[in-house]
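Residue numbers (this note's numbering): 3 to 238.
If you want it as structure tokens, here you go:
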């Protein structure tokens, strides 16, 4: 038996099937533009949604920071107020307390002089004389040496030892001409000369004191003694 051709078995149906296939593919091609538009819309919506989500997140962050700031401000308002420290002036270092400087201990010549004066005030003339002369021997450059020589002479003068006293008074004038005891030593020298009867020497020294130390009490004493000597009212 002879096989039949499909075209013969289904006459006119193949084109119909082909049309169905074309129709189906045609419908699918028509759907494609609609699907792309929907996808674009979905993409735009998602993008806008992401923007809104980011905006919402930023707003939330801002609100959170504001809440923290308000909380800290409220918390600090409850703490006690501490005034700020005054600023230090530029260039001025912090002040320091002044330390008390202990007084300097007296030098050996000062100690010796103090001991001699204490003895003199107590009337211990011999011991005072020894201290004064020792100072003059050991410390000749000392600013107390001329005073020591003068007071050594006074110790002798007080005991009517005029020769020894004159010796020390002369040393004061000769060795320390700028010393503060020169006028006193000269006055005592004048007294000793007048007492010895050496009037011209005594008057000469008195006149030197009157002209050289007019405002000094020693000069005034010399003036008074000079007037008495000139009137013949001498005394020792």
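Cβ atoms here follow ideal geometry from the backbone N, Cα and C, with glycine treated the same way.
Check: Got a sec? Which residues, its chain only, sit under 6 angstroms from residue 27 by beta carbon, not counting five neighbours each side?; Outcome: In this predicted model, residue 27 has a pLDDT of only 44, less than 50, meaning its place in the structure is not dependable; the value taken from the coordinates is given anyway. Closer than 6 angstroms at the Cβ level, and outside the excluded window around residue 27, lies no residue.
Check: Using the beta-carbon count (16 or more within 10 Å), is residue 232 buried or exposed?; Outcome: exposed
Check: When we look at the beta-carbon of residue 180 and count the other beta-carbons within 10 Å, is it buried (16 or more) or exposed?; Outcome: exposed
Check: Closer than 6 angstroms by C-beta to residue 144: which residues in its own chain qualify, once you throw out the five before and the five after it? Chain order, please.; Outcome: 111
Check: Does DSSP classify residue 230 as helix, strand or coil?; Outcome: helix
Check: With a threshold of 16 other CB atoms inside 10 Å of the CB of residue 106, please say whether the residue is buried or exposed.; Outcome: exposed
Check: Figure out for me which residue from 140, 156 and 109 has the closest Cα to the Cα of residue 123.; Outcome: 156
Check: Exposed or buried, what is residue 223 when buried is set at 16 or more other beta-carbons lying within 10 Å of its beta-carbon?; Outcome: buried
Check: Could you check whether the Cβ of residue 208 sits closer than 8 angstroms to any Cβ belonging to chain D?; Outcome: The chain labelled as chain D is not found in the depicted structure, where only one protein chain is given.
Check: Using only the alpha-carbon positions, how far apart do residue 101 and residue 108 sit?; Outcome: 21 angstroms
Check: Out of 164, 205, 146 and 198, which has the shortest C-alpha to C-alpha gap to residue 183?; Outcome: 146
Check: Would residue 206 be called buried (16 or more neighbouring beta carbons within 10 Å of its own) or exposed?; Outcome: exposed
Check: Hey, how far is the Cα of residue 212 from the Cα of residue 168?; Outcome: 20 angstroms
Check: When you compare only the Cα positions, how much space is there between residue 170 and residue 230?; Outcome: 26 angstroms
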